[in-house]
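Structure record follows, encoded as structure tokens.
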Amino acid sequence: MNRLSRITFGLSATFSFAIGITIFLEHGASALAQGQSANRPWMDKTLSPDRRADLVLQEMTLDEKIALLHGNGMPGWPRAVPGANPYLGNGGAGFVLGVPRLGIPIIQISDAAYGVRSSGENGRYSTALPSNVASAASWDVQAACAYGALIGRELRAQGYNMSLGGGVNLTRDPRNGRTFEYMGEDPILAGTLVGNRIKCEQAQHVIGDTKHYALNDQESGRDEVNVIISKRAMRESDLLAFQIDIEIANPGAVMCSYNAVNGDYACENKYLLTDVLKKDWNFKGFVLSDWGGTHSTEKASTAGLDHEEPMDDFFGEKLRQAVQGGRVSQTELDDHVHRVLRSEFASGIVDDPVQKSVVDIEGGLETSRHIAEQSIVLLKNEQGILPLDRAKLRSIAVIGLNANTGMISGGGSAQVDPPGRGATKWKEHVWFPTSPLKAIAAKAPGATVEFDSGADRASAAALAKKSDVAIVFAYQWTSEDFDLPSLSLPDNQDALIEQVAAANPRTIVVLETGSAVTMPWLNQVGGALEAWYAGSKGEDAVANILFGDVNPSAKLPMTFPRSEADLPHPHLVTPPPGSRNDEAKPTFEVHYDEGLKVGYKWYDAENKPVLFPFGYGLSYTTFSYSGLKVTSGSETTVSFTVKNTGSSAGAEIAEVYAAVPASAGEPPKRLVGWDKLHLNAGESKEVSASVRPLYLSVYDEGSNSWKVVPGSYTFMVGGSSRSLPLVEKVNLK
Ligand code: BGC
Numbered sequence: 108m109n110r111l112s113r114i115t116f117g118l119s120a121t122f123s124f125a126i127g128i129t130i131f132l133e134h135g136a137s138a139l140a141q142g143q144s145a146n147r148p149w150m151d152k153t154l155s156p157d158r159r160a161d162l163v164l165q166e167m168t169l170d171e172k173i174a175l176l177h178g179n180g181m182p183g184w185p186r187a188v189p190g191a192n193p194y195l196g197n198g199g200a201g202f203v204l205g206v207p208r209l210g211i212p213i214i215q216i217s218d219a220a221y222g223v224r225s226s227g228e229n230g231r232y233s234t235a236l237p238s239n240v241a242s243a244a245s246w247d248v249q250a251a252c253a254y255g256a257l258i259g260r261e262l263r264a265q266g267y268n269m270s271l272g273g274g275v276n277l278t279r280d281p282r283n284g285r286t287f288e289y290m291g292e293d294p295i296l297a298g299t300l301v302g303n304r305i306k307c308e309q310a311q312h313v314i315g316d317t318k319h320y321a322l323n324d325q326e327s328g329r330d331e332v333n334v335i336i337s338k339r340a341m342r343e344s345d346l347l348a349f350q351i352d353i354e355i356a357n358p359g360a361v362m363c364s365y366n367a368v369n370g371d372y373a374c375e376n377k378y379l380l381t382d383v384l385k386k387d388w389n390f391k392g393f394v395l396s397d398w399g400g401t402h403s404t405e406k407a408s409t410a411g412l413d414h415e416e417p418m419d420d421f422f423g424e425k426l427r428q429a430v431q432g433g434r435v436s437q438t439e440l441d442d443h444v445h446r447v448l449r450s451e452f453a454s455g456i457v458d459d460p461v462q463k464s465v466v467d468i469e470g471g472l473e474t475s476r477h478i479a480e481q482s483i484v485l486l487k488n489e490q491g492i493l494p495l496d497r498a499k500l501r502s503i504a505v506i507g508l509n510a511n512t513g514m515i516s517g518g519g520s521a522q523v524d525p526p527g528r529g530a531t532k533w534k535e536h537v538w539f540p541t542s543p544l545k546a547i548a549a550k551a552p553g554a555t556v557e558f559d560s561g562a563d564r565a566s567a568a569a570l571a572k573k574s575d576v577a578i579v580f581a582y583q584w585t586s587e588d589f590d591l592p593s594l595s596l597p598d599n600q601d602a603l604i605e606q607v608a609a610a611n612p613r614t615i616v617v618l619e620t621g622s623a624v625t626m627p628w629l630n631q632v633g634g635a636l637e638a639w640y641a642g643s644k645g646e647d648a649v650a651n652i653l654f655g656d657v658n659p660s661a662k663l664p665m666t667f668p669r670s671e672a673d674l675p676h677p678h679l680v681t682p683p684p685g686s687r688n689d690e691a692k693p694t695f696e697v698h699y700d701e702g703l704k705v706g707y708k709w710y711d712a713e714n715k716p717v718l719f720p721f722g723y724g725l726s727y728t729t730f731s732y733s734g735l736k737v738t739s740g741s742e743t744t745v746s747f748t749v750k751n752t753g754s755s756a757g758a759e760i761a762e763v764y765a766a767v768p769a770s771a772g773e774p775p776k777r778l779v780g781w782d783k784l785h786l787n788a789g790e791s792k793e794v795s796a797s798v799r800p801l802y803l804s805v806y807d808e809g810s811n812s813w814k815v816v817p818g819s820y821t822f823m824v825g826g827s828s829r830s831l832p833l834v835e836k837v838n839l840k
């Protein structure tokens, strides 16, 4: 069978966004009569969010305006904003007073990277989805949408109408402690997926946020680091991810980051906030500071910061005085207020106020499991050790810390609390009560399934030796606020795996990690899975893949290097000894001299072998590629055929890369599109797609614009960034 799948790389998301607007307008028109009121003309839902914001703005006092431009503290914050009633908060990261007399609600803000934070502390329940980097491994726009929609629903059920999530900083250094909160190393993949996540989150009527803008690519000294990078390099790497994300999602808010970029803190950086974000990208929402990331009043306001969190140190009384003293103009103040109000109207939180309700726990678990199944990457499968044959297995050893009780999750402000327990502590290693041991035992009722924690390596090896197969669950815990000292698994787990594999080569390693790890034992084991932080139903997703009830289809959204020595910066650049977080100015610099060579672009340009390349992932079936045709004209189109050549149904993520003309001085290739194809055994499909010009362009600093460099372009198609069997050249003008 040969079916045609017509897609447009880079534009499909824009189409669905247009559909989203249509739905919003229809909804607005039908609800018009109820909301309209003679003395509150801004409640007319047929008016644009901008018009509605302007109408409210005209009625507001200076005090009311200032109140929209700062937070009011957060639980555990040492002091409260004078006059703000802390009981108005909902237990989240912050809240913004509304204007009750004008019908403008309080904005209740919660962190929500992979689920709604602080539920345990607040006596509530949240679903933990697989970590963000896991969802990027699905390369699946629909999964990204389901991810965002679930978070949007659970936010509202818990009484929140604004989310802090949508992290899209690129993986420049896999030791970054927040890698699990982001979407990998490629700007087009990361931007597309996070944009779809936020779009679907906002469709639930919450204000969505994307963060951390920009270049907060390491946690070491994050408040005091000054990132040095060229405009071209940032526009083509980290900023491109934000550009695509913002274009797809139109998020209500962008969070500026803690670090400085080329001398100015991100939250008072005119180039980032005004020149690029608000002017070039036409961003209509508001910029809020990361928590404590504001450093000034006038400079920040003029540079484009709209809102300070979590307090009012610079955008409270000091802002009022600056306005009254004429140092911040009324127009500038009104623009900040307009942006906050506009996002409130555009997101629907004014017309559809939040009402607390019961979270759909079963539905959430189902969604979480399904996304995890799309996210788990099969890294190694020697001699078909996987999927496990339950009819033949007599004994299974399950080895690894807590593999009898749970699976690890990512920490920091992203942390989702497991059900049935209270608040989790900052930097606590939180294991979700999702027992892989039980899930595996349930799959193989005829086998003896025994557990060993691995604390005693000899005992774990002895269990492996007497078992038909050994499954080792290995973890790497990561969190905001610090970076990994290395890419090795912690706590001597490499030695444990080596010893177990020496005792039984039929060893399978399941990695629960937030980022890449090195694998000195790889040649000794039979199989390896990257399960990331797998969320509330990770154990079932892993078991379904181990036993072949689900055929793995995920691909790595980041390179796994052979060692730290191969990274652009083999040694992390950390703050100078004795330096402390200086609120006034940065204390050290990190030079991103690798520039736009992020991730695979670096390894390709430097000709470095890698452990596993970007875009890599195995399946239980096999695929072949053929028939690449590239045509240029008003648009560049790429078509090719993928065939399932194995004996089971499966999904293949087909990847399209382009090498731009050598004169452009770019890395050897860049991802320009992909499609996820579900194919039955023997089935083939033709993919035909047009590639968006932006994705073939180079940023020209001289003219501040994107340009397609005329010349010869090489298109490459295949199943990973280092397995591209189809190659075709075309000239573009
Ligand atoms: C983090 C943000 C987070 C905020 C509020 C900051 O420390 O960097 O990502 O949204 O705290 O919790």
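So the sequence shown is residues 108 to 840, counted in the numbering used here.
Even for Gly, the Cβ is constructed at its ideal location relative to N, Cα and C.
- Here Thr-474 has Ala-253 and Leu-257 as same chain residues with Cβ atoms under 6 Å from its own Cβ, once five neighbours each way along the sequence are excluded.
- Here Phe-202 carries a strand assignment [DSSP, helix/strand/coil].
- In this structure, Phe-747 lies near Tyr-732, with their beta-carbon atoms less than 8 Å apart.
- Spatial neighbours of Pro-525 in its own chain (CB-CB distance under 6 Å, excluding positions within 5 residues in sequence) are listed in chain order as Phe-539 and Pro-540.
- A distance of 8 Å or more separates the beta carbons of Asn-376 and Glu-696.
- Contact annotation, Ser-245 with Gln-481: C-beta distance approximately 4 Å; criterion of less than 8 Å satisfied.
- Here the stretch 259–272 lies against the stretch 215–235, with 3 or more beta-carbon pairs under 8 Å apart.
- Judged by DSSP in its simplified three-state form, Glu-480 adopts helix.
- Distance check between Leu-803 and each of Lys-425, Met-665, Gly-685 and Lys-840 places Lys-840 closest, using alpha-carbon atoms only.
- Of the residues assessed, Asp-419 falls on the buried side of the cut-off, its CB having 16 or more other CB atoms within 10 angstroms.
- Nearest C-alpha to Gly-740 among Gly-471, Phe-287 and Arg-799: Arg-799.
- At least one heavy atom of the ligand BGC lies less than 7 Å from the C-beta of Glu-587.
- In this structure Gly-284 is in contact with Asp-588, their Cβ atoms being roughly 7 Å apart against a cut-off of 8 Å.
- Along the length of the stretch 380–449, whole beta strand (DSSP E) runs at least 3 residues long occupy 393–396, reported in chain order.
- Taking all protein chains in view, the Cβ of Gln-522 is crowded by 16 or more other Cβ atoms within 10 Å, so the residue is classified as buried.
- Bounds of any beta strand (DSSP E) do not take in Arg-224, whose DSSP letter is neither H nor E.
- Ile-213 carries a coil assignment under DSSP once its states are collapsed to helix, strand and coil.
- Proximity of the beta carbon of Lys-532 to the ligand BGC is not indicated: no heavy atom of the ligand is located closer than 7 Å.
- Of the heavy atoms belonging to the ligand BGC, none sits nearer than 7 Å to the Cβ of Ser-226.
- Following the DSSP letters along the chain, one finds Lys-550 inside the alpha helix (DSSP H) bounded by residues 543–550.
- Relative to the non-hydrogen atoms of the ligand BGC, the Cβ of Ser-520 comes within a distance shorter than 7 Å of at least one.
- A residue is called buried once 16 or more other Cβ atoms fall within 10 Å of its Cβ, and Pro-358 is buried on that count.
- In terms of CA proximity to His-319, Ala-367 leads the group Ser-797, Arg-304, Ile-355 and Ala-367.
- Here Trp-639 carries a coil assignment [DSSP, helix/strand/coil].
- DSSP links Thr-738 through a beta bridge to Thr-744.
- Bridge partners of Met-514 according to DSSP: Phe-539.
- Closer than 7 Å to some heavy atom of the ligand BGC: that does not describe the Cβ of Asp-330.
- Within the model, the alpha-carbon separation for Gly-789 versus Ala-758 is close to 12 Å.
- Remark: the C-beta of Ala-321 is outside contact range of the ligand BGC, defined as less than 7 Å to any heavy atom.
- Going by beta carbons, Phe-202 and Leu-195 fall inside the 8 Å limit.
- Secondary structure note for Ser-566: its alpha helix (DSSP H) is the uninterrupted segment 564–572.
- For a cut-off of 8 Å, the C-beta gap from Thr-625 to Leu-594 is around 5 Å, short enough to register as a contact.
- Taking a cut-off of 8 Å for Cβ pairs, the stretch 660–676 and the stretch 280–299 touch, as three or more such pairs fall below it.
- Within the stretch 244–315, the beta strand (DSSP E) runs of at least 3 residues that lie entirely inside it are, in chain order, 269–271.
- According to DSSP, residue pairing for Cys-363 in a beta bridge involves Tyr-320 and Ser-396.
- Between Glu-637 and Leu-486 a beta carbon distance of about 6 Å is seen, short of the 8 Å cut, so the two are scored as contacting.
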